[in-house]
Amino acid sequence: MDTELDPMTEDLPLMANTSYMLVKHYVLDLDVDFESKVIEGSIVLFFETGSQYRTTSSTGKECCQSHFDESHKKSGSEPCRIAMTSVSPCSSKYNDFAVSGKGEEDTSDENGSHSNSEQASGISTLKDCCDRESHGNKDFLLVLDCCDLSVLKVEEVDVTAVSDIEKFTRSAKLTDVSKELENLRNQIVHKLITLPADCWKEQLSYFTHCSQAPGCGDLLFTTGPWSLEIRKSGIQTPADFPHAIRIWYKTKPGGRSVTWTTDQSGRPCVYTMGSPINNRALFPCQEPPIALSTWQASVRTAAGFVVLMSGENSAEPVQLREGILTWYYYVSMPMPASTFTIAVGWWQEVKPQSFAAAIQTNTEFSLPSSQTDFRWHEEACGHVEYPCRFQNPAARLQAVIPYRVFSPCCLMECCKECLLPLVPQCLSAAYATLGTHPFSRLDVLIVPSNFSSLGMASPHIIFLSQSVLPGGSHLCGTRLCHEIAHSWFGLAIGARDWTEEWISEGFATFLEDIFWARAQQLSYDEVKGQQELKALLRWRRLRDEVQNSEEELQVLRPKKESTGELSESGASVVKYGLKAEKIFMQVHYLKGYFLLRSLARIIGEASYLASLRKFVHKFHGQLILSQDFLSMLLEDIPKQKKSGLTVESIFQNWLDTSGIPKVNLHSGCIFLLKKHHRFELQVTKWIQTNQRIRKSSKKKPKQDKVVFQKV
Numbered sequence: 001m002d003t004e005l006d007p008m009t010e011d012l013p014l015m016a017n018t019s020y021m022l023v024k025h026y027v028l029d030l031d032v033d034f035e036s037k038v039i040e041g042s043i044v045l046f047f048e049t050g051s052q053y054r055t056t057s058s059t060g061k062e063c064c065q066s067h068f069d070e071s072h073k074k075s076g077s078e079p080c081r082i083a084m085t086s087v088s089p090c091s092s093k094y095n096d097f098a099v100s101g102k103g104e105e106d107t108s109d110e111n112g113s114h115s116n117s118e119q120a121s122g123i124s125t126l127k128d129c130c131d132r133e134s135h136g137n138k139d140f141l142l143v144l145d146c147c148d149l150s151v152l153k154v155e156e157v158d159v160t161a162v163s164d165i166e167k168f169t170r171s172a173k174l175t176d177v178s179k180e181l182e183n184l185r186n187q188i189v190h191k192l193i194t195l196p197a198d199c200w201k202e203q204l205s206y207f208t209h210c211s212q213a214p215g216c217g218d219l220l221f222t223t224g225p226w227s228l229e230i231r232k233s234g235i236q237t238p239a240d241f242p243h244a245i246r247i248w249y250k251t252k253p254g255g256r257s258v259t260w261t262t263d264q265s266g267r268p269c270v271y272t273m274g275s276p277i278n279n280r281a282l283f284p285c286q287e288p289p290i291a292l293s294t295w296q297a298s299v300r301t302a303a304g305f306v307v308l309m310s311g312e313n314s315a316e317p318v319q320l321r322e323g324i325l326t327w328y329y330y331v332s333m334p335m336p337a338s339t340f341t342i343a344v345g346w347w348q349e350v351k352p353q354s355f356a357a358a359i360q361t362n363t364e365f366s367l368p369s370s371q372t373d374f375r376w377h378e379e380a381c382g383h384v385e386y387p388c389r390f391q392n393p394a395a396r397l398q399a400v401i402p403y404r405v406f407s408p409c410c411l412m413e414c415c416k417e418c419l420l421p422l423v424p425q426c427l428s429a430a431y432a433t434l435g436t437h438p439f440s441r442l443d444v445l446i447v448p449s450n451f452s453s454l455g456m457a458s459p460h461i462i463f464l465s466q467s468v469l470p471g472g473s474h475l476c477g478t479r480l481c482h483e484i485a486h487s488w489f490g491l492a493i494g495a496r497d498w499t500e501e502w503i504s505e506g507f508a509t510f511l512e513d514i515f516w517a518r519a520q521q522l523s524y525d526e527v528k529g530q531q532e533l534k535a536l537l538r539w540r541r542l543r544d545e546v547q548n549s550e551e552e553l554q555v556l557r558p559k560k561e562s563t564g565e566l567s568e569s570g571a572s573v574v575k576y577g578l579k580a581e582k583i584f585m586q587v588h589y590l591k592g593y594f595l596l597r598s599l600a601r602i603i604g605e606a607s608y609l610a611s612l613r614k615f616v617h618k619f620h621g622q623l624i625l626s627q628d629f630l631s632m633l634l635e636d637i638p639k640q641k642k643s644g645l646t647v648e649s650i651f652q653n654w655l656d657t658s659g660i661p662k663v664n665l666h667s668g669c670i671f672l673l674k675k676h677h678r679f680e681l682q683v684t685k686w687i688q689t690n691q692r693i694r695k696s697s698k699k700k701p702k703q704d705k706v707v708f709q710k711v
C-alpha cells in the first residue's frame, strides 16, 4: 500500500515505521518549567525488531534472534570482558544536562538537527520510507512520530555499562570488539523486554538503570513537520540498529499535545487535553496503535505542584533538592503511547469527612458479581504477557478499586458534595456489569475551564469538565460512568484502526446507561423509562447532526475494506483525523450506540451483557476491528433470532454508509416522540398567536424602539 502522506490533507499521518522496529518501553525523565512553559529532558526508547523484518528481511535474512544466535556461536564460549560501572538511581550527569539546558541556547539548527548536515525533509511518502528501509546499500532509517519539539541530541545507550547486567548476556569472546558490542547491547535489550510477567518489578528496575547508562555515540537525525528520522552510519538493517536510544528534547510553548493555562483558582497548570495529534508534541514516540508499550516517568517540578499521570502507582513526591520535588509513575500493561496522560498543577485532593464514611462508601455499593463474570477465567488470556488483573484472584473480586479525586482549591467543596460519593457507586456498578476492573486504581481530576470536552479517560486517570458539577448527580454520574466504561472499551480493548472510533465511544455511550441505572439502584420500570427517554434525545441529536454535516464524516468505517491495513513500513493515516469539524461531531457516539442497542434488543439484554463479558475476557489487552466483536456476538445469537443478520449486512447498513439506518425505537420511546411532537406543535401555535397579537397592537413610540435596539 503505497499511500502518499500529503501535508495538505485533513488526514493525520502516522509516520512511525513500526513494521521494522517496535518500541516496547519508554523511560521519561522530565522537568516542567512554568516560567518558560517548556517541558524538557530525555526519553529512552527500548525496541524490538519489528514483524516485517523479524520474520524475514527483504534480503532473505533470518530473524533478529537467529542473527544474535549465529553471531555468538561464531565468537566462542569464553566469558565476556565488559567493564561494569555502578549507576545510581538518579544520575546527576543526566539531571544536570536537563536542568542546565533551560538557560542555554538551543544549539540545534532551525530544523532541530544536531551534528547532521541533512535538512528536515518534511513528510515523506510511505514508498520513500520503504525504499530507504530496504536493507540494501543505504542506511536503515528509524522513523518516529514527532512534531512541535526541539530535538537537541540523539545517542545510543551503552546498556553493557550497567551493574549486574551480565545475567542478560551469553558467554562470548569479543573478537571484533565494536561489532560484538553492538550485538551484545541489542541482545541485552531483547532479553530485558522479554522477561516473564512475574519479573515485572525486576524489569522496571533494570529499565531504570539502563536508561541512566552513559551514551556510546551520537546518532544522526533530521526532523520534519510530523516525524523524527534517526540513522546510524553504516547500519543497514533493523536488527543491527541500536535497540536502546536516548533522545534529549524540549517541548514548545505552543505545542499541540499539552496546554499551558491557569486553573479555576488562578494557579498555573499544564495538562494533556486530548489533542487530535495525540502525544507526539510531548515526546517522540510511535503513534500507531499497534505499538503497544509500557512506560515509566520521573517528573520534576517546583514544590507545591502535584503531578498526576497514567500510572499504576499513587505516586508520592520526593524532595530532590530545596524547592524541587520529583514524582515517579509506571505502567506494566502495554498500551498505545497516545493513552499517556499527564496533568501538573496546584491540585488538591478531595477527601471524605471521616475515615468511617470512606469505608461505608466503599462497601455499601460493592455489589456481588454474577458467577457468569468468572466462567471464562480458567482460560488463558490472548494478549502479550504482562501482569494481568484478569488472572489475579484478588483483583477479580475487587468491586471498587482504590480511587482519589482532585480539583482546584475553589471547587473542593462542590466535588466533595457532588462527585466524591459517586465514584464508588459507579465503579461498583461497572464491576457488576463487566466484571474485573482492567486497571488497579483511579484518579479523577476536575480540569481547567478551557477543557473542550465533558470528560476524557486514560489509564488510571479520568479528566472531568467543571461543567458536570452544577448539573447535579445525574449529569456528573452519567459522565463519570461513560469515562469508566472506557477502561474496558477504548483502553483495555482498543481499536486497531483509529478511524473506528465507534468501538470506543459507541460502547461507552451504551454502557453509561447501564452503569448509571445500577449505580442509582433503580427499579426495572424506572430503568426502562430513563433509557427510552435518553434514546429519544440521542436519536433527535443524531438526526440533527446528520442533517447538518458532511456525509463522509457520518461513516463509522470510512476506510471500509482497507480498515486496519498498513503500509509495508507500518506507517498509515487516520482518515479525517485533522478535520476541524470532526472534533465536535457525535456520530461515532450516537450511531454506534444505536447499533449496539439494536443488537441488544435482538439477543436480549441479559444474554447481550453476558456476551460483552465474554468478549472483554477474550480480547482485553488487545487491538480489535469491528468484525472481531460482531463475529463473536453473532455466534451467540440463536439462528431463529438472526433473521438474516450478518457481519456484512451490519457493515452495509450501519458502518460503511452515511445517514441513519432504520432505528427500531421501543413503543414507549415512540410514545415520547409523539408526545414531544405534539408539544412542539403547541409551542409553534402559541408563538404564531403571540406574533399576531403583537402586530395588531398599537405601535410603540419611536423613542422606545430606539431604546430597545440599544439594549
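Going by the UniProt record's numbering, 127 is the number at position 127 of the sequence shown; the sequence numbering is gapless. Cβ atoms here follow ideal geometry from the backbone N, Cα and C, with glycine treated the same way. Computed from a prediction, not measured in an experiment: that's the story for all the values here.
The Cβ atoms of Ser298 and Leu282 do not sit closer than 8 angstroms to each other. In the three-state reduction of the DSSP assignment, Tyr576 falls in the coil class. Sixteen is the threshold: when 16 or more other Cβ atoms of the shown chains lie within 10 Å of the Cβ of Tyr206, as they do, the residue is buried.
Using a Cβ-Cβ distance cut-off of 8 angstroms, the segment 155-166 and the segment 232-245 are in contact, since at least three pairs of beta carbons, one from each stretch, lie closer than that value. Counting only runs of 3 or more residues that sit fully inside the segment 504-577, the beta strand (DSSP E) segments are 572-574, in chain order. Residue Leu22 holds the alpha-carbon nearest to the alpha-carbon of Val189 among Leu22, Tyr403, Pro459 and Gly644. Burial is judged here by how many other beta carbons sit within 10 angstroms of a residue's own beta carbon; Tyr576 has at least 16 and is buried. 8 angstroms or more divides the Cβ of Gly490 from the Cβ of Ala519. Short of 7 angstroms from the beta carbon of Ser631, and not among the five residues preceding or following it, lie these beta carbons of its own chain, in chain order: Val647.
In terms of Cβ geometry, Gln286 and Asp145 form a close pair [threshold 8 angstroms].
The beta carbon of Gln264 is closer than 7 angstroms to those of Pro408, Cys410, Leu411, Pro448, Ser449 and Gln466 in its chain, skipping five residues each way along the sequence. Gly592 carries a helical assignment under DSSP once its states are collapsed to helix, strand and coil.
Three or more Cβ pairs closer than 8 angstroms define a contact, and the segment 584-595 falls short of that threshold against the segment 30-47. Per DSSP, Phe629 lies in no beta strand (DSSP E) segment; the continuous alpha helix (DSSP H) that holds it begins and ends at Ser626 to Glu635. Counting along the chain, no alpha helix (DSSP H) covers Leu645, and no H or E run does either. At a Cβ-Cβ threshold of 8 angstroms, Leu556 and Trp654 count as neighbours. The straight-line gap separating the alpha-carbon atoms of Gly255 and Trp226 is approximately 12 angstroms. A straight-line Cα-Cα distance of about 49 angstroms links Leu469 and Lys191. Counting only the Cα atoms, Met273 lies some 11 angstroms from Leu464. The beta carbon of Leu612 is closer than 6 angstroms to none in its chain, skipping five residues each way along the sequence. In the structure shown, Gln425 falls within a helical segment according to DSSP collapsed to helix, strand and coil.
Taking the CA atoms as reference points, Leu434 sits about 14 angstroms from Arg389. Collapsing the DSSP output to three states places Phe439 in coil.
Cα atoms of Ser275 and Thr9: separation of roughly 18 angstroms, rounded to the nearest angstrom. Under the three-state reduction of DSSP output, Gly215 falls in the strand class. A distance of 8 angstroms or more separates the beta carbons of Leu475 and Val423. Note on geometry: alpha-carbon atoms of Gly224 and Arg185 lie some 29 angstroms from one another.
Residue range Glu605 to Phe619 is occupied by the alpha helix (DSSP H) that includes Val616. DSSP, reduced to helix, strand and coil, places Pro268 within a strand of the structure shown.
Residues Val344 of the same chain have their beta carbon placed closer than 6 angstroms to that of Phe305, with the five preceding and five following residues left out of the count. Among the bridge pairs identified by DSSP, Tyr329 is matched with Ala297. For Gly494, the uninterrupted beta strand (DSSP E) segment begins and ends at Ile493 to Ala495. Taking a contact as a CB-CB distance under 8 angstroms, the pair Pro336 and Ala395 does not count as one, their CB atoms being some 23 angstroms apart.
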